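Student: Chains A and B are the protein sequences, given in the same order.
Going by the working numbering, the first sequence wraps up at 356, each residue one higher than the last.
Going by the working numbering, the second sequence wraps up at 384, each residue one higher than the last.
Note that CB positions come from ideal geometry on N, CA and C, so glycine has one too.
Nothing here was measured: the structure is a model prediction, and the numbers come from that model.
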Amino acid sequence: MADKSENDPQIFVYDTYMRLKSIAPHTTMYIGRQFVYSSAGSLHLDGVRGSISFQKLDLEFFGGSSVSRINPEKIRSFSDFSAFGGRLYYQPRLTTRLGIGWILRETDNQVDYHRLGFDITHAIRNLAILSRASMNPATLQLSEVLLRARINLSQWYFSGEYTTREPSVSYNSIFSLIDLNRYREIRFEAVRKLTSIITAYGTIRTDINPIESSWTGQLGIRTRFASVSWVHQNGYGGDSEGIRGNALLTYGKSWSFYGIINLSRYRVQQEQIDKSDSYSTMVGFRKSFQNNIMVGMEWQYLRNAIQSYDSRFRLRISKGFSNK
Amino acid sequence: MPIRNLQVFFLFLLSFGVIYVFAKPSPYELTVSESDIQFSHKLHVGENEIECDACHTAINTSELSADKNFPAMDDCGQCHDIEGEDNCGQCHKNADDPGALANPDRELVFNHKNHLDLDIDCRRCHINIEYSPRSRPENMPKMSLCFDCHDGSKAERECDLCHSDAQILSQIHPEQWLHEHGNRAASEPDWCNDCHGGQHFCLECHRGDNLSGEIHDLNYFFTHGLDAKSNEEDCRRCHDNKLFCVECHEKNQRMPLRHSTLAWLDEHGRFAREDVENCAACHESDDPTCARGGCHSDFDGLRGTDTRIHNADAPRFNFGGNWHGDESYFCYQCHISTGVPGNGFCGYCHGGKE
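#1: Following the continuous beta strand (DSSP E) through His146 of chain A, name the residue where it begins and the one where it ends.
#2: List the residues that DSSP assigns as beta-bridge partners of Arg51 of chain A.
#3: DSSP on Asn282 of chain B, reduced to helix/strand/coil?
#4: Quick check on this structure: which residue in B:Glu79, B:Lys98, B:Ala132 and B:Leu94 has the alpha carbon closest to the alpha carbon of Thr87 of chain B?
#5: Would you report the Cα separation of Leu148 of chain B and Arg154 of chain B, rounded to the nearest angstrom?
#6: Quick check on the burial criterion: 16 or more other C-beta atoms within 10 angstroms. Buried or exposed for Cys364 of chain B?
#7: When we look at the beta-carbon of Asp116 of chain B and count the other beta-carbons within 10 Å, is it buried (16 or more) or exposed?
#8: Quick one: Cα of Tyr333 of chain A to Cα of Leu248 of chain B, how far?
#9: Which same chain residues, not among the five before or five after Asn213 of chain A, have their C-beta less than 7 angstroms away from its C-beta?
#10: Against chain A, which members of the region 357-374 of chain B pass a CB distance test of less than 9 angstroms?
#11: Let me confirm a value: Asn158 of chain A is counted as buried when at least 16 other C-beta atoms fall within 10 Å, else exposed. Which label applies?
#12: How big is the Cα-Cα spacing for Pro55 of chain B and Asn240 of chain B?
#13: Who are the Cβ neighbours of His122 of chain B in its own chain at under 6 angstroms, not counting the five residues just before and after it?
#14: Between Val143 of chain A and Phe301 of chain B, what straight-line distance do the alpha-carbon atoms span, to the nearest angstrom?
#15: Would you list the one or two residues that DSSP bridges to Phe177 of chain B?
#16: Count the CB pairs spanning the region 172-188 of chain A and the region 90-106 of chain A that are closer than 8 angstroms, and state whether there are at least three.
#17: Compare the C-beta of Glu221 of chain A with all C-beta atoms of chain B and state if any pair is closer than 7 angstroms.
#18: Curious, which full-length beta strand (DSSP E) runs of at least 3 residues does the region 74-128 of chain A contain?
#19: So for Tyr359 of chain B, helix, strand or coil by DSSP?
#20: Would you mind giving the Cβ-Cβ distance between Phe207 of chain A and Ala310 of chain B, rounded to the nearest angstrom? I have them listed as a contact below 8 angstroms.
#21: For Pro242 of chain A, decide whether its Cβ has a neighbour in chain B, counting only Cβ atoms nearer than 7 angstroms.
#22: Taking DSSP as the reference, what is the three-state secondary structure of Arg299 of chain A?
#23: Under 8 angstroms Cβ-Cβ, which residues of chain A neighbour Gly13 of chain B?
#24: How far does the alpha helix (DSSP H) with Arg288 of chain B in it reach, from first residue to last?
#25: Looking only at DSSP bridge pairs, what is Lys319 of chain A linked to?
#26: Could you list which residues in chain B have their beta carbon closer than 7 angstroms to that of Tyr268 of chain A, in chain order?
#27: Just the chain B side, please: which residues come within less than 7 angstroms of Leu162 of chain A by C-beta, in chain order?
#28: Going by beta carbon distance, what residues of the same chain come within less than 8 angstroms of Ser286 of chain A, once the five residues before and after it are set aside?
#29: Excluding five sequence neighbours on each side, which residues of the same chain lie with their C-beta closer than 8 angstroms to the C-beta of Arg256 of chain A?
#30: Does DSSP classify Leu179 of chain A as helix, strand or coil?
#31: Closer than 7 angstroms, CB to CB, is Pro171 of chain B near chain A or not?
#32: Would you list the residues sitting across from Ala279 of chain A in a DSSP beta bridge?
#33: Compare the C-alpha of Ile183 of chain A against each of A:Ala160, A:Thr313, A:Arg108 and A:Ala165 and name the closest.
#34: Should Val45 of chain A go down as buried or exposed, given a rule of 16 or more other Cβ atoms within 10 Å for buried?
#35: Closest to Ile293 of chain A by C-alpha separation, out of A:Leu281, A:Asn266, A:Val260 and A:Tyr268, would be which residue?
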């Protein structure tokens, strides 16, 4: 509290939009700053979004300028930072969804990110499957394929995932010339209910890279109110050993108290001789009032390679004007 | 259409070809039981304007959703001849072996009496029932409809008001939901909005400022390299490389230790091929390091004399392609456009006699 960031005070506008419901049959329009999704990507947008729902079909389309992550207080030029997209979903039955998504984002009037995505989810009894593929329409190359399956058994839960994707480089970039290798990742999770309130879980993930693969493992215990896990990573991505914990307690219908802790020793580059320490913790509470008002206070403490003592205090007051 | 990695693509197609098996719906989706009864609300309610409680005689006193609120055959008998065996087929699909309408198990806590006492019309929740020629799941209210009134202001919106099961969240949000919620949120944001009330909830995490460490650890400024290099996610789905990564890396001049080794001159090409996003995080700019004099540049204008980045026969380099005539195109970061046939880069294709 004694020190200020060089850019303080700052005002950020995250989402402020006007919703026009039933502007046409089954149609809703949103005008302003908002977060939009597509199976092919997502972005923060200053612009217009529309949605049409009709029976088992949902169509959404959006367009405008993308919001800068670094200077979100500005509304950027549409000609230099335009972003468009949409998605079409068909749900023939409760357990099946098929979708097409498209997103085009420009930076400095150059295509920065352009994807056309297809996805399907289907549930069969206690097995759920998700498949997603996206392609870069500019290069006609398959950009990403994701296959995910999860199954719930009585005391066990298993989930597996395979992803392969092209590196993301701008089409108008010197890096797009390079004959690139795809990134591939395999992830596997297992969860076991030990008692009615305690669950143990483990995740293992490997990123296959011809230089050197990296792998990450996580083992943890979770209850209804808290969890703690140990995370280990090594390989091309660097080395890291750490502990994560979080807790969330609710009191009555309007109070919640939470705490998060992250502790790790890591090395981002294999050439580094010494490892660095990273420590962060935060504790806070939130109080909800009627009419969608929420007040929250949070204290954060960080220790890292630059700051041996970094303490912050956050006060947050929010008011929601709509539930939709 | 050229598609790389055909095996992966066919594997993806195979996953689409899932054999249809009778799928068990979520226990939290209201359904209509399959039964022997065929009944048209359209005929009774829509055309003949029969009141709901004329048949659903127990509904006005029903306090539990598990109550048997479907009409009994005697209720039908008020208007229909239920004695004669010749009439069974009017209501029963299998007239030879007519079956009763099964009362489904309902986990929900719902009190019809309380709602009816507030003069809430049946059709307020059972939307369009008067147009329904047969009972369908669409006639049962969806949770989103409940939130029209149960919004926290007009009526309470706590989960345990209607759901008695303590395992609700694990059914709705299965394990690893933090990792997997994106697709569901993208395909059915209204489903999320039912409980989480709009985009402001999503932005609690997806604001992009990481002030509260919900997406990334508070020290992610220091540790993000671990995820970026292991390519856990396509960071560019949310962050654009050129400005988000490059601005910070250029400003802080953080260079990998590997770059200062003698071997890097020979090794960097291999690393670029295997992990180009790592290179682009720093070098993606209008003045990329690769194209500087002495490296991958073509300042002498002579074809084939400089260290190559690309093959000459790639389809993108067809005559008259996107790059031709557009000097903002990246080609001109290495090659110099002289505009003169037979001279420099233009001379690669255009001879001096033109």
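Tutor: A quick look at the data gives this:
#1: In this chain, the beta strand (DSSP E) harbouring His146 of chain A covers Gln142 to Ile156.
#2: A:Tyr62
#3: helix
#4: B:Lys98
#5: Near 12 angstroms, if we compare the C-alpha coordinates of Arg154 of chain B and Leu148 of chain B.
#6: buried
#7: exposed
#8: 9 angstroms
#9: Pro242
#10: Ser358, Tyr359, Phe360, Cys361, Gln363 and Cys364
#11: exposed
#12: For Pro55 of chain B, the pLDDT reaches just 42, beneath the cut-off of 50, and the residue's location in the model is therefore unreliable, leaving the point undetermined.
#13: Asp66 and Pro128
#14: Their backbone Cα atoms lie some 25 angstroms apart in a straight line.
#15: DSSP output for Phe177 of chain B lists no bridge partner at all.
#16: no
#17: yes
#18: 89-98 and 114-125
#19: coil
#20: 5 angstroms
#21: Yes, its Cβ sits closer than 7 angstroms to a Cβ of chain B.
#22: strand
#23: The structure shown has nothing for residue 13 of chain B, since chain B only spans 31 to 384.
#24: Careful: Arg288 of chain B lies outside any alpha helix (DSSP H) and carries neither H nor E.
#25: A:Trp287 and A:Val327
#26: Lys259 and Ser260
#27: Asn213
#28: Lys319, Ser320 and Phe321
#29: Cβ neighbours of Arg256 of chain A within its own chain (closer than 8 angstroms, five residues either side excluded): Ile229.
#30: strand
#31: no
#32: A:Ala258 and A:Gly291
#33: A:Ala160
#34: Exposed, since its Cβ has fewer than 16 Cβ neighbours within 10 Å.
#35: A:Val260
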